[in-house]
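Student: 205 is the number of the first residue of the sequence shown in the working numbering; add one for each residue after it. Note that beta-carbon positions come from the ideal geometry of N, C-alpha and C, so glycine has one too.
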Amino acid sequence: MPRGLLIDLSGVLYAGDAALPGAREAVADLQAQGLPHLFLTNTTRQDSAQLAAVLAGLGFAIAPEHILGAVDATLAHVRQRGLSPYPLVHPAVRAAFAALARGTPDAVVLGDAGEGFDYASLNHAFRLLMDGAELIAMGDNRYFRGADGLSLDIGPFKAALEFASGVKATVIGKPAPGFFLAGCRRLGLPPEAVLMIGDDAEADVAAALAAGLQGCLVCTGKYRLGDEARCPKAAVCRDLATALATVR
205 MPRGLLIDLS GVLYAGDAAL PGAREAVADL QAQGLPHLFL TNTTRQDSAQ
255 LAAVLAGLGF AIAPEHILGA VDATLAHVRQ RGLSPYPLVH PAVRAAFAAL
305 ARGTPDAVVL GDAGEGFDYA SLNHAFRLLM DGAELIAMGD NRYFRGADGL
355 SLDIGPFKAA LEFASGVKAT VIGKPAPGFF LAGCRRLGLP PEAVLMIGDD
405 AEADVAAALA AGLQGCLVCT GKYRLGDEAR CPKAAVCRDL ATALATVR
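Take a look at the structure:
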């Protein structure tokens, strides 16, 4: 049995702008139970404080310190390296990265830029990479499920820039092993004692298994029939409540 949990947010607790059925009650029960847990997310449109506010609006009482997000992890990486970023990211988090810029950018930071993924912005990023800038991606997910259905995520745009420039990206969020291991360190537990629960068979579950964690795929969010074949060693549960019931 796991001694701690890492839990994805989008597609597991909520989809689009609505909480998934039973998710609020499942999280409240988990918090009352006291099992160590952390919410690990590749959501790149909000930092942890913004995410906590969004979650509160959906009926979840989750503090920012219980969220390990790709935005905060990427900001920390850029600061630690002393890089000057060109942020091809969502407007809601652009200011935080722009505040670190100094002169000519030496790093292209890629997040979910939404409508910002236009030709001019992508071509500017490409030119910076060709001039020697690094490529840093907050994640490598292929798509996500929003309120209006499936949408392209960071991965396809990262692949396009890598292909065009020949520059290999440094991935900060999932599926990078270091992101899962950072979550385990926050919990104070070895990877083999931690269960990752997510709706993305590849970036959440298979990647967690490869990093030495346990894995559980939930059939909500972006899950599509047959996804379990991508992570055959993982448990498969109908939803978050069902997954949490197995660790009580």
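Per DSSP, S214 is paired with what?
Tutor: For S214, which the question treats as bridged, DSSP gives the partners Y218.
Student: Please report how far the alpha carbon of L234 lies from the alpha carbon of L448, in whole angstroms.
Tutor: 7 Å
Student: Starting from the C-beta of L332, find all residues in its chain whose C-beta is less than 6 Å away, skip the five residues before and the five after it, and write them out in chain order.
Tutor: Y290, P309, V312
Student: In this structure, how does DSSP classify L393 when only helix, strand and coil are distinguished?
Tutor: coil
Student: Please confirm whether V375 and D344 have their CB atoms less than 7 Å apart.
Tutor: yes
Student: Starting from G419, follow the beta strand (DSSP E) in both directions and report where the run begins and ends.
Tutor: 418 to 422
Student: Under a three-way DSSP split, which group does L399 fall into?
Tutor: Secondary structure of L399 (DSSP, three-state): strand.
Student: Buried or exposed: which applies to M400, given that a residue is buried once 16 or more other Cβ atoms fall within 10 Å of its Cβ?
Tutor: buried
Student: Kindly identify the DSSP beta-bridge partner or partners of Y290.
Tutor: The partner list for Y290 (beta bridge, DSSP) reads V312.
Student: Closest by CA to I266, which one among P381, V231, T450?
Tutor: V231
Student: So E366 is in the alpha helix (DSSP H); what residue range does that whole segment cover?
Tutor: Note, E366: alpha helix (DSSP H), 358 to 369.
Student: Look at A445 and G226 and say whether their C-beta atoms are less than 7 Å apart.
Tutor: Yes, the Cβ-Cβ distance between A445 and G226 is below 7 Å.
Student: If contacts are defined as beta-carbon pairs under 8 Å, then A397 and G238 qualify, I think. What distance do you get, rounded to the angstrom?
Tutor: In this structure, A397 and G238 do not form a Cβ contact; the two beta carbons are roughly 16 Å apart against a cut-off of 8 Å.
Student: On the criterion of 16 or more Cβ atoms from any shown chain inside 10 Å, does Q284 qualify as buried, or is it exposed?
Tutor: exposed
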